[in-house]
Amino acid sequence: MPDLTLSRAGAALSYDVTGDGPTVLQAHGLTSSRDADLDLLDLRRLAEHGRRLVRYDAAGHGRSAGPDDPERYRWTTLADDLFAVLDAVGQTEPVDAVGISMGTGTILTAAVRHPERFRRLVLGLPPTAWETRPAQAAIYGQMADLLETQGWDALMSLMAASALALPPVLAERGVTPEPQLQPATAPAVLRGAALSDLPSPKRIATLRMPVLLLPWAGDAGHPLSTAERLHELIPGSELFVAESAADADTWPERVEAFLG
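The sequence shown: position 113 = 113 (UniProt numbering), numbered continuously.
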């Protein structure tokens, strides 16, 4: 598939489009990329089943360059990027959007701003939010400081010893995600995440499109409490908790069935 590039607000966003039909937009998590997230949720089969799949690397991740400015990586700005990608692919009808972690935060930020642009949402691994966010923000700040002074090896040691240690599903799979950040801007990306939070519960409660929540258990960086609160706030939302790798392996089929 051709690698396309969109220039926006100091960033060069890399994206690709496969398949034909109603559009599904996929947004990855913090420190990941559209390719690395295939280990978590591989939706490429949708392009073979009558869907147009749009995937992109967020600014500062994967093949998307960005500036050395934490403000550029706030979820509010990443939501602007999401709309820019939709515009670039000519998407005028409401879209199905699928996110993981930061991607979920980006999608929710965009959806409360322009709900008319979304048909259905799949919110994978909802991140820390509201009362649980400050502690996570402090970890991101520590990670950024460590990157600047000691590099990736020191960061990985911190992750192994902190609340960011591998969640049970990944430990069971034997998968250790490798950071997909641009080295020069990685600290800024992490600090931008530290400045971000989900929209307020009041705003999220206004959403009326169908929503599928896909959290997993035992991950302090993606606490089940966030998904449960979103489930309470969004009328008619569906919640499936992955307790094991086998449960998480069902995500692609669940997403395809939910999107219809």
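By construction, the Cβ of each residue, glycine as well, lies at the ideal position given by its N, Cα and C atoms.
- For Tyr-73, no pairing in a beta bridge is given by DSSP.
- Looking at the DSSP output, Trp-216 sits in a beta bridge with Ala-242.
- The beta-bridge partner set that DSSP reports for Leu-181 consists of His-61.
- Listed as beta-bridge partners of Thr-18 by DSSP are Leu-53.
- Between Arg-52 and Val-17, the CB-CB gap stays under 8 angstroms.
- Contact check for Leu-41 and Trp-251: beta-carbon distance about 5 angstroms, within the 8 angstroms limit, so the pair qualifies.
- For Gln-182 and Asp-247, the gap between their C-alpha atoms comes out near 32 angstroms.
- Note on geometry: alpha-carbon atoms of Gly-260 and Leu-190 lie some 35 angstroms from one another.
- Nearest in C-alpha terms to Gly-90, of all of Val-54, Asp-145, Thr-206, is Val-54.
- When DSSP assignments are scanned along the segment 113 to 152, the uninterrupted stretches of beta strand (DSSP E) that are 3 or more residues long and fall wholly within it turn out to be 118 to 124.
- For Gly-21, same chain residues with a beta-carbon under 7 angstroms away, outside a window of 5 residues either side, are Gly-50, Arg-51, Arg-52 in chain order.
- Beta bridge pairing from DSSP links Asp-96 with Val-24, Arg-120.
- Proximity of the segment 226 to 245 to the segment 198 to 215 meets the contact definition, three or more beta-carbon pairs being nearer than 8 angstroms.
- Taking a 10 Å sphere around the C-beta of Gln-26, we find 16 or more other C-beta atoms and assign the residue as buried.
- If you compare the alpha carbons of Leu-86, Arg-229, Gly-103, Glu-253 with that of Ser-200, the shortest gap goes to Arg-229.
- In this structure, Thr-106 sits away from Trp-130, with a CB-CB distance that is not shorter than 8 angstroms.
- Asp-197 is the residue among Gln-180, Asp-197, Arg-120, Ser-244 whose C-alpha sits nearest the C-alpha of Pro-126.
- No Cβ-Cβ contact shorter than 8 angstroms links Arg-34 with Asp-81.
- Assigned with DSSP and collapsed to three states, Ser-225 falls in helix.
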